[in-house]
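Data block below; observations after.
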Amino acid sequence: MIIETMTMVEFEEGLKRTQTVFIPFGSVEEHGSHLPLSTDTIQAYEVGKKAAQQIPLFVVPPIHYGSCRSTSCHPGTISITTATLKALMKDIVRSLYAQGMRNIVVLTGHAGGSHRMALQDAGEELLPEIPDIRIAVVTEYELASREGKGIIETEGDAHAGEIETSRIMHTHPHLVKGAGEREFPSFPTGILVRNKRKFWPNGVWGDPTKATAEKGKCLEELVVKKIVELVTALEQFQE
């Protein structure tokens with residue numbers, strides 16, 4: 015059940031089928047010279063929509079902004095603070111709870127460390143505030159890389175590399191502009207840097223030249239399967 019396309023009557027009827035909702039978080043962030051700035055958002059939303067075809071599940075409109083520190087100097091990245099991100103998630107969850115939702119699955123397509131921790135913190139703070147709510151917070155990339163070990167050829171592939179390029183080639187091939195180039199950042203160990211692009215010129219972490227649409231299809235199916243399993247586990251979870 016895709017909330018942005020539903021009427022209030024359809025929403026009300028949907029609550030008779032499920033009280034579980036999927037919240038896709040993304041980002042507006044550079045993804046090399048070949049992928050769109052909305053790559054993270056696209057991946058997270060597509061997974062939710064496809065999971066909702068298999069099980070009763072509400073899917074909210076995606077949140078397009080995230081905390082993007084390592085790519086903050088690259089053209090096109092629009093970042094928000096972790097405080098804003100936490101407040102946004104908590105407000106959305108509170109509103110969904112007021113509308114009857116009890117099981118919350120937060121999936122982020124953006125895998126930045128500060129971004130992920132902000133969403134995790136928000137969830138942890140909501141648990142004691144709302145005693146009868148269940149919350150799961152997962153990262154799309156971690157599911158894709160873990161489940162797709164037998165598919166991905168590039169060791170250490172992460173941002174705008176083989177995995178993400180394959181995913182966008184599968185779902186949105188018209189948004190892929192060229193093949194990209196293999197690159198890994200060279201940040202100094204332990205040292206915080208202002209000009210992050212100096213150590214990561216092209217914004218790719220992996221090898222997009224090894225990407226294929228078929229790999230993307232397989233990866234997406236694996237992630238959708240894990241989300242369906244997670245929803246089932248969350249709905250049955252007892253403490």
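Per the working numbering, residue 15 is the first one in the sequence shown, and the count goes up by one each step. Idealized CB from N, CA, C, for every residue including glycine.
Are the beta-carbon atoms of residue i and residue j separated by less than 8 Å?
i, j, result
"E60", "L51", "no"
"G46", "A174", "yes"
"T34", "L71", "yes"
"L140", "L99", "no"
"T153", "A172", "no"
"E161", "P75", "no"
"E176", "K224", "yes"
"A66", "L121", "no"
"R146", "R108", "The question names Arg, yet the displayed sequence has Asp at residue 146. Against a cut-off of 8 Å, the Cβ pair of R108 and D146 comes out as no contact."
Among residues of its own chain, excluding the 5 on either side of residue i, which ones have a beta-carbon nearer than 8 Å to its beta-carbon?
i, result
"P187", "A227"
"P89", "E44"
"P199", "S84, F213, W214, W219"
"K104", "A136, E139, L140"
Excluding the 5 residues preceding and the 5 following residue i in the sequence, name in chain order all residues of the same chain whose CB lies nearer than 6 Å to its CB.
i, result
"G230", "S180, R181, M183, H184"
"F36", "G62, L71, V73, V119"
"G28", "M15"
Roughly how far, in whole angstroms, is the beta-carbon of residue i from the beta-carbon of residue j, given that I think they are within contact range, below 8 Å?
i, j, result
"V242", "I69", "6 Å"
"P38", "G123", "7 Å"
"L244", "A150", "6 Å"
"V207", "H48", "The Cβ separation is near 25 Å, so there is no contact."
"C8", "R196", "Absent from the structure is residue 8, since the part of the chain shown begins at 15 and ends at 253."
"Y111", "I94", "The Cβ separation is near 23 Å, so there is no contact."
"T32", "S41", "Actually they do not touch by this definition, with Cβ atoms about 28 Å apart."
"T53", "E178", "6 Å"
Who are the near neighbours of residue i in its chain, counting only those whose CB is closer than 7 Å to its CB and skipping five residues on each side?
i, result
"I165", "K229, C232, L233"
Check whether the stretch 77-85 and the stretch 128-142 are in contact - that is, three or more C-beta pairs closer than 8 Å. yes
My parser needs the alpha helix (DSSP H) runs of 4 or more residues fully inside the stretch 125-211; what are they? 127-143, 154-161, 176-185
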